[in-house]
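Protein chains in written order, with the working numbering: chain A, 4 to 279; chain B, 4 to 279.
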């Protein structure tokens, strides 16, 4: 870890927030302890995770998104993080508005950055599975298993999702989801918006985390369930904001806002204290 | 609101965290909406409050701590915020290590900044009142009313404070505390530390907020209760860290760590969006 000026950017995609570290020279020596300290919401900068901007080893792709969870562990692809990552590359002059390709732990993904801050990213396929049930309190909700790289259980329900208590984890069938599951509850709404084929309101409980303001793969899983095998676009309202998900033969494509709040330099004394 | 580069500092005092805005030219036009946006822990930078560094109108005092709560309202003096504020003045070359005086909404306060990042601040008198009771779940805890500018109820208890459930507010006597009260639960510990006359472990439930990692006036209230009218120093361990409180005929003096995590510039586009 160099203790010279370490630059950072704070931002979010539909309120899934990140500390982004432009580490082009691969000098940050990002340790799990530093990730935890950065993500600490009182003693650090505060974030759901860290996105290190690193050089890719993939052919013809310049940047690798090195995504870490707030607990310091390595994280897979994250649609909300990738939107912020792509916006940063454009804003910092590393890429142009329009299409770009970014390497991730789940492979190379396409991204499209609009001049209005809307960013779309390739999410890969969203594969419909069989039916299952989520229990929340004394209620059982029928759902559909969906794989978007990670496992989801999508429960379309007439119960307004705003009325649900997600402070406790929904209980799913451990024989169907031995590694746990992300559970989405969603209402189909009547009013079409933004030219989409359908409009839903969704809340999500992420495995090992709890309720979150937004989940990119969750929005794709809900869209796959609503479209039920056909192609189309669904507007998904989450507590953290609206995204549009298009599913076609190329897979799922997630579009939504990405926001840079501020950028700065870590205090050298703070860094030294963390590094011990 | 100018949309030119607005600088900020993120830091904390015993994990009571703040966005500090060096607004020496009084240009920030700090609105309640901007305060709320800055303090938002996902869509903003995230903090318990904002400390605007403003010019003082008081005789012979250069700086005024304009403290706002996360909800945008004006806040009174805050010992944990004042420590960070004083450290910032030294680190930015606006003041020297050692003693300085800072204007606040509760009047001019002295601060002493050590080269190790420990900062002591004058907290004013901590006045012992009568006995009262706090109810937490099915238990009643005997306590002592203490005024440190704001009202406190200090409950010294043999029950380990680490075992208490403070997710719900303790219930105090509304006739004694018509405006609500901050409730501290504290254990007297056997092991002397840091040369103090006594050592306590404390947790606090702040009125209108919930449990917090640290409370400067709360630490002073606990110290006044432990010293019971005599002069002395108490080491107070809070979830956010240890502070030392000395009480003598000049009042209470709170010493503890202040930490600057990072400093930067707000994104002009983000600022424009907040300002509408």
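Glycine residues also receive a C-beta, built at the ideal position from the N, C-alpha and C atoms.
Name the chain B residues whose beta carbon is nearer than 8 Å to that of residue i?
| i | result |
| --- | --- |
| residue 18(A) | 45, 46 |
Less than 7 Å between the CB of residue i and some heavy atom of the ligand NAD, yes or no?
| i | result |
| --- | --- |
| residue 48(A) | Within the structure as shown, the ligand NAD is missing, as the structure has no ligands at all. |
Would you say residue i faces chain D, with C-beta separation under 8 Å as the test?
| i | result |
| --- | --- |
| residue 267(B) | Included in the structure are the protein chains A and B, with no chain D among them. |
Closer than 7 Å by beta-carbon distance: list the chain B residues that pair up with residue i, in chain order.
| i | result |
| --- | --- |
| residue 13(A) | 48 |
In chain order, what residues of the same chain have a beta carbon less than 7 Å from the beta carbon of residue i, not counting five sequence neighbours either side?
| i | result |
| --- | --- |
| residue 200(A) | 235, 236, 237 |
| residue 135(B) | 146, 148, 156, 175, 176, 179 |
| residue 143(A) | 136 |
| residue 41(B) | 22, 47, 48, 50, 53 |
Which residues bound the alpha helix (DSSP H) around residue i?
| i | result |
| --- | --- |
| residue 271(A) | 271–278 |
| residue 93(B) | 82–94 |
| residue 38(B) | 35–42 |
So residue i packs on residue j, CB below 8 Å; how close in whole Å?
| i | j | result |
| --- | --- | --- |
| residue 282(B) | residue 68(B) | Any answer about residue 282(B) is impossible in this case: the structure gives chain B only from 4 up to 279. |
| residue 26(A) | residue 53(A) | Incorrect: roughly 10 Å between the Cβ atoms, too far for contact. |
| residue 11(B) | residue 265(A) | 6 Å |
| residue 127(A) | residue 255(A) | 7 Å |
| residue 257(B) | residue 124(B) | 6 Å |
| residue 20(B) | residue 50(B) | 5 Å |
| residue 113(B) | residue 102(B) | 6 Å |
| residue 159(B) | residue 228(B) | 6 Å |
| residue 247(A) | residue 197(A) | 6 Å |
| residue 45(A) | residue 97(B) | Their Cβ separation, rounded to whole angstroms, is 25 Å, which puts residue 45(A) and residue 97(B) out of contact at 8 Å. |
| residue 267(B) | residue 267(A) | 2 Å |
| residue 277(A) | residue 117(A) | About 37 Å; that fails the 8 Å criterion. |
| residue 322(A) | residue 122(A) | Any property of residue 322(A) remains undetermined from this structure, which presents chain A solely from 4 to 279. |
Where do the N-terminal and C-terminal ends of the beta strand (DSSP E) with residue i fall, by residue?
| i | result |
| --- | --- |
| residue 67(B) | 66–72 |
| residue 218(A) | No beta strand (DSSP E) contains residue 218(A), which DSSP labels as neither H nor E. |
| residue 25(A) | 19–25 |
| residue 158(A) | 153–159 |
| residue 189(A) | 185–192 |
| residue 16(A) | 10–16 |
| residue 109(A) | Counting along the chain, residue 109(A) falls outside any beta strand (DSSP E), and DSSP gives it neither H nor E. |
| residue 58(A) | 52–58 |
| residue 245(B) | 244–251 |
| residue 76(B) | Premise fails: residue 76(B) is in no beta strand (DSSP E) and is neither H nor E. |
| residue 121(B) | 121–127 |
| residue 209(A) | 201–209 |
| residue 241(A) | 235–241 |
| residue 141(A) | Where residue 141(A) is concerned, there is no enclosing beta strand (DSSP E), given that its DSSP letter is neither H nor E. |
Excluding the five sequence neighbours on either side, which residues of its own chain have a C-beta within less than 6 Å of the C-beta of residue i, listed in chain order?
| i | result |
| --- | --- |
| residue 183(B) | 210 |
| residue 106(B) | 59, 61, 64, 67 |
| residue 111(B) | 61, 64, 104 |
| residue 319(A) | Residue 319(A) is absent from the structure shown; chain A starts at 4 and stops at 279. |
| residue 38(A) | 53, 71, 75 |
| residue 16(B) | 83, 86, 87, 261 |
| residue 9(B) | 269 |
| residue 81(A) | 70 |
| residue 242(B) | 216 |
If I measure Cβ to Cβ from residue i and keep anything under 8 Å in the same chain, skipping five residues before and after, which residues do I get?
| i | result |
| --- | --- |
| residue 230(A) | 200, 201, 237, 250 |
| residue 185(A) | 153, 154, 155, 156, 207, 208, 209, 210, 218, 220, 221, 224 |
| residue 33(A) | 24, 26, 53, 55, 69, 71 |
| residue 168(B) | 139, 140 |
| residue 131(A) | 147, 148, 149, 227, 228, 231, 232 |
| residue 109(B) | 79, 80, 127, 152 |
What does residue i touch in chain A if you count any residue whose Cβ is under 8 Å from its own?
| i | result |
| --- | --- |
| residue 216(B) | 45 |
Report the neighbours of residue i on chain A: residues whose CB is nearer than 9 Å to its CB, in chain order.
| i | result |
| --- | --- |
| residue 262(B) | 46, 270, 272, 273, 276 |
**OP:** Determine, using beta-carbon pairs with one atom in the segment 214–231 of chain B and one in the segment 254–274 of chain A, whether at least three such pairs fall under 8 Å.
**Re:** no
Original post:
Would you say the segment 184–197 of chain A touches the segment 159–173 of chain A, given that touching needs at least three Cβ pairs under 8 Å?
Top reply: yes
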